[in-house]
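Undergrad: In terms of this note's numbering, the sequence shown opens at residue 0 and continues consecutively.
Provided herewith is a single structure, encoded as structure tokens, for subsequent inquiry.
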Amino acid sequence: MTTSPGRSPDAGEHGPDGPGPARAADPADLLAAVGRSWTWILASAVATLVPGILLLVWPEATLHVVAVLIGLYLLAAGAFRFVETFARPEAGHRLPGLLLAVLSVLAGVLCLRDPLQTITALSLIVGLVWLVSGLLTLHTALAARDLPHRGFVLGAAVLAVVAGVVVLALPAESARALTRLLGLWLVLLGLAEAGLALAWRAALRRGAAADMFARPG
Numbered sequence: 000m001t002t003s004p005g006r007s008p009d010a011g012e013h014g015p016d017g018p019g020p021a022r023a024a025d026p027a028d029l030l031a032a033v034g035r036s037w038t039w040i041l042a043s044a045v046a047t048l049v050p051g052i053l054l055l056v057w058p059e060a061t062l063h064v065v066a067v068l069i070g071l072y073l074l075a076a077g078a079f080r081f082v083e084t085f086a087r088p089e090a091g092h093r094l095p096g097l098l099l100a101v102l103s104v105l106a107g108v109l110c111l112r113d114p115l116q117t118i119t120a121l122s123l124i125v126g127l128v129w130l131v132s133g134l135l136t137l138h139t140a141l142a143a144r145d146l147p148h149r150g151f152v153l154g155a156a157v158l159a160v161v162a163g164v165v166v167l168a169l170p171a172e173s174a175r176a177l178t179r180l181l182g183l184w185l186v187l188l189g190l191a192e193a194g195l196a197l198a199w200r201a202a203l204r205r206g207a208a209a210d211m212f213a214r215p216g
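What follows is the structure, encoded as structure tokens:
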């Protein structure tokens with residue numbers, strides 16, 4: 000799950016099609032520009048939706064295949080979250096995002112390890128990642144009152160918390176049941192991220208239009 004970019008759209012800095020006038024090519028600035036892009040949020044949504052859809056349409060997949068799909072999803076989620084942390088202008092607000100990135104990568108590696116490919120272990124890993132991710136994102140959304148599209152972020156955070164609780168409290172007794180459960184939650188979380196990406200795109204376009212009308216002549 001991803002959070003909204005850290006600042007309201009400013010057409011003078013980055014319009015609907017990307018960053019505005021380039022500054023010095025500092026890596027942190029480049030990552031911040033990418034993390035604030037609505038296409039990056041949409042790409043994160045796609046990375047969540049694809050494995051979810053695969054799990055739903057392929058319920059008879061073996062536990063090994065399920066673990067690989069979930070592991071790759073968690074590795075991708077960690078990469079997206081790492082970049083998105085730089086979209087926050089305040090360095091103090093980046094710590095939750097960095098923690099989520101590290102947690103996702105570690106969980107992805109654990110899912111890809113053969114000794115841990117059991118139903119109980121897989122449910123525990125994914126449930127904990129979703130629960131911690133949702134709680135940290137919820138804290139960020141509540142603490143940052145200027146967060147754009149705060150309602151979308153709060154909704155996605157609550158959805159992640161619920162997903163984590165459900166997976167941890169209702170452990171699946173078979174690989175097929177686990178596949179359907181994880182697939183369903185991945186699709187729901189992916190749709191929430193896609194909605195956030197589209198809302199951010201609309202805000203960027205409104206900001207660009209407002210800036211255009213505000214310019215003299």
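Heads up, the beta-carbon is just placed ideally off N, CA and C, and yes, glycines get one too.
As the structure is a prediction and not an experimental result, all values here were calculated from the model.
Taking all protein chains shown into account, decide if Pro26 is buried (16 or more other Cβ within 10 angstroms of its Cβ) or exposed.
TA: As a working note, residue 26 is residue 27 in the sequence shown. By the neighbour-count rule (16 or more Cβ atoms within 10 Å), Pro26 is not buried but exposed.
Undergrad: To the nearest whole angstrom, what separates the beta carbons of Ile69 and Val125, a pair I think is in contact under 8 angstroms?
TA: As a position in the sequence shown, residue 69 is number 70, starting the count at 1. As a position in the sequence shown, residue 125 is number 126, starting the count at 1. Yes, they are in contact, since the Cβ atoms of Ile69 and Val125 sit about 6 angstroms apart, within 8 angstroms.
Undergrad: On the DSSP letters alone, give me the boundaries of the alpha helix (DSSP H) that Asp25 sits inside.
TA: Stepping through the sequence shown from its first residue, residue 25 is reached at position 26. Per DSSP, Asp25 belongs to no alpha helix (DSSP H) and is neither H nor E.
Undergrad: Give me the Cβ distance between Ala191 and Ala155, rounded to the nearest whole Å; I'm assuming they're in contact under 8 angstroms.
TA: Against the sequence shown, residue 191 aligns to sequence position 192. Against the sequence shown, residue 155 aligns to sequence position 156. 4 angstroms between Cβ atoms; contact.
Undergrad: I'd like to know if the stretch 43–62 and the stretch 159–169 are in contact, where contact means that at least 3 CB-CB pairs between them fall below 8 angstroms.
TA: The answer is no - the stretch 159–169 does not touch the stretch 43–62, with fewer than three Cβ pairs under 8 angstroms.
Undergrad: Quick one: complete alpha helix (DSSP H) runs, 4+ long, within the stretch 143–209?
TA: Listed in chain order, they are 149–168.
Undergrad: Does the beta-carbon distance from Leu54 to Thr178 come in below 8 angstroms?
TA: Position 55 of the sequence shown holds residue 54. Position 179 of the sequence shown holds residue 178. Yes, these two residues count as a Cβ contact at 8 angstroms.
Undergrad: Measuring alpha carbon to alpha carbon, tell me which of Thr38, Val56, Phe79, Gly77 ends up nearest Val186.
TA: Locating residue 186 in the sequence shown gives position 187, counting from the first residue. Here the closest residue by C-alpha is Val56.
Undergrad: Determine whether the beta carbon atoms of Leu111 and Val67 lie at a separation below 8 angstroms.
TA: As a working mapping, residue 111 is identified with position 112 in the sequence shown. As a working mapping, residue 67 is identified with position 68 in the sequence shown. Cβ distance < 8 angstroms, so Leu111 and Val67 count as in contact.
Undergrad: Measure the CB-CB distance between Gly189 and Ala75 and report whether it falls below 8 angstroms.
TA: The count along the sequence shown starts at 1 and reaches residue 189 at position 190. The count along the sequence shown starts at 1 and reaches residue 75 at position 76. Contact: no.
Undergrad: Please tell me whether Thr84 and Ala60 are closer than 8 angstroms, where the distance is taken between their beta carbons.
TA: Working through the sequence shown from its first residue, we reach residue 84 at position 85. Working through the sequence shown from its first residue, we reach residue 60 at position 61. Going by C-beta atoms, Thr84 is not nearer than 8 angstroms to Ala60.
Undergrad: Do you know whose CA, among Trp37, Leu98, Leu158, lies nearest Leu183's CA?
TA: Along the sequence shown, one-based indexing puts residue 183 at 184. The option with the nearest alpha carbon to Leu183 is Leu158.
Undergrad: When you compare the CB positions of Leu62 and Ala174, do they come within less than 8 angstroms of one another, or not?
TA: For this step, residue 62 is matched to residue 63 along the sequence shown. For this step, residue 174 is matched to residue 175 along the sequence shown. In this structure, Ala174 lies closer than 8 angstroms to Leu62 by Cβ.
Undergrad: Leaving out the 5 sequence neighbours to the left and right, which residues in its chain are closer than 7 angstroms to Val128 when beta-carbon positions are compared?
TA: By 1-based counting over the sequence shown, the position of residue 128 is 129. If we look at Val128 and ignore the five residues flanking it on each side, its Cβ neighbours are Leu73, Leu102, Ser103, Ala106.
Undergrad: Under the three-state reduction of DSSP, which class applies to Phe81: helix, strand or coil?
TA: In the sequence shown, counting from the first residue as 1, residue 81 sits at position 82. Phe81 falls in the helix class under three-state DSSP.
Undergrad: Determine the extent of the alpha helix (DSSP H) in which Ala100 is found, giving its start and end residues.
TA: The residue labelled residue 100 in the question sits at position 101 within the sequence shown. Where Ala100 is concerned, the enclosing alpha helix (DSSP H) stretches over 94–110.
Undergrad: Do you know how far the Cα of Arg204 is from the Cα of Ser7?
TA: Numbered from 1 along the sequence shown, position 8 holds the residue referred to as residue 7. Numbered from 1 along the sequence shown, position 205 holds the residue referred to as residue 204. A caution first: Ser7 carries a pLDDT of 48, below 50, which makes its placement in the model unreliable, though a value can still be read off. Between Ser7 and Arg204, the C-alpha separation is close to 12 angstroms.
Undergrad: Flag this pair as yes or no: are the beta carbons of Val82 and Trp39 separated by less than 8 angstroms?
TA: Numbered from its first residue, the sequence shown carries residue 82 at position 83. Numbered from its first residue, the sequence shown carries residue 39 at position 40. Closer than 8 angstroms, so yes.
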